[in-house]
Ligand code: COA
Ligand code: NAP
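Numbering (this note's numbering), first residue to last: 13 to 282.
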């Protein structure tokens, strides 16, 4: 049972949702949840081929789709893409800032440029998208959903760059919620836990650990992209019309146990 079974298929009819990094993984899962509920979709990422594949899946759900191949570190490119998307699809109502990069690296071994690359994609990219979307969102009000991570508030070994970037995103989210509330723009973050069959999950070496790592999760299962899609649908829906400035953690309770248990099991594979 997921959001698309529970909500009316016209919930987002006439609305446009723009998802950065929407060509794959969790972000594509979010886009598909909105498409199945009547939204038009804009997606961006660096690989046009990946975006084309995602667009086929979104159109199969009935959505009109706009794609833009760009790097979220390039503000003028994002600004132009959001304007084109608005012109082609008629409106911009929801922005999902999901583009991100991650790799495990010890703080003393990664280069300064490696740290910068992740902060620039995740944090600066989220600001760029929000700033470029602002004039469109303020026209009728709307919402911004930031895709954060548990590294924002729980320290993890080999994730200093990601922790810094995602903590920055959550604070940016709260600052924008304060500044843009008067324009009818709500801002919230979603913290996905370990979501199976995604690039982030693979990069942190979790797949090979199988059932063992689920012992570190109180709900005893990994998440799936629809778990996060449902949260995004809720936050963008009228059910959340008085919700802004929140961090919605959807991780099966994993953060409650800290990173130590996870780290000790993960270390068995290295
Ligand atoms: N360990 C340590 N450093 C790494 C690294 C790794 N696994 N991968 C890349 N780097 C370093 C590079 O060496 C480079 O530093 P240098 O110039 O000092 O050598 C720096 O990071 C930037 O690398 P580059 O390949 O130029 O960056 P990019 O902008 O093309 O790609 C990444 C960004 C590195 C984040 C890339 O992994 C990516 O595109 N990721 C997107 C997908 C993803 O991560 N999905 C999971 C989301 S949770
Ligand atoms: P993913 O499939 O790799 O998603 C990342 C997307 O961002 C890709 O489509 C990628 O496309 C795009 N992207 C990366 N760098 C970009 C750039 N510079 N400019 C534009 N687009 C860029 O990984 P995922 O695991 O689903 O992660 C999605 C989000 O969930 C991320 O924000 C991640 O931090 C978060 N998250 C994931 C997990 C998990 O378990 N997977 C847990 C917590 C949080 P291109 O490469 O084509 O640009």
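Virtual Cβ for every residue (Gly too), placed ideally from N, Cα, C.
Less than 7 Å divides the Cβ of residue 256 from the Cβ of residue 193. Listed in chain order, the non-local C-beta contacts of residue 167 below 7 Å within the same chain comprise 175 and 271, local neighbours out to five positions each way being set aside.
With contacts defined by Cβ atoms closer than 7 Å, residue 63 and residue 76 do not form a contacting pair. Relative to residue 130, the option among 117, 142 and 141 whose CA is nearest is 117.
A heavy atom of the ligand NAP is found nearer than 6 Å to the CB of residue 211. For residue 204, the uninterrupted beta strand (DSSP E) run begins and ends at 197-204, by DSSP. Of the residues 182, 156 and 150, the one whose Cα lies closest to the Cα of residue 165 is 182. In this structure, the straight-line span from the alpha carbon of residue 23 to that of residue 153 is close to 16 Å.
Of 89, 113 and 52, the smallest CA-CA separation from residue 36 is found for 113. Fewer than three pairs of CB atoms, one per stretch, sit closer than 8 Å, so the region 50-59 makes no contact with the region 120-129.
Between the region 228-247 and the region 132-143, the count of C-beta pairs closer than 8 Å stays below three; the two stretches do not touch. Beta-bridge analysis with DSSP links residue 53 to 29 and 77. At a threshold of 6 Å, residue 38 counts as near the ligand NAP, since its beta carbon sits closer than that to one of the ligand's heavy atoms.
In this model, residue 189 and residue 177 are separated by some 18 Å (Cα to Cα). DSSP, read as helix, strand or coil, puts residue 216 in coil.
If you check the C-beta of residue 140 against the ligand COA, you find no heavy atom less than 6 Å away. Residue side-chain check: residue 65 keeps its Cβ at 6 Å or more from all non-hydrogen atoms of the ligand COA.
Taken from the Cβ of residue 206, at least one heavy atom of the ligand NAP lies inside 6 Å. Collapsing the DSSP output to three states places residue 174 in a helix. DSSP, reduced to helix, strand and coil, places residue 165 outside both helices and strands of the structure shown, so it counts as coil.
Rounded to whole angstroms, residue 207 and residue 150 show a C-alpha spacing of 32 Å. Excluding five sequence positions before and after residue 180, the CB atoms of its chain that fall closer than 6 Å to its own CB belong to 135, given in chain order. Within the model, the alpha-carbon separation for residue 240 versus residue 31 is close to 14 Å. In the DSSP assignment, residue 156 falls within the beta strand (DSSP E) that extends over 154-159. Separation of residue 203 and residue 99 (C-alpha to C-alpha, rounded to the nearest whole angstrom) is 31 Å.
For residue 83, same chain residues with a beta-carbon under 6 Å away, outside a window of 5 residues either side, are 58 in chain order.
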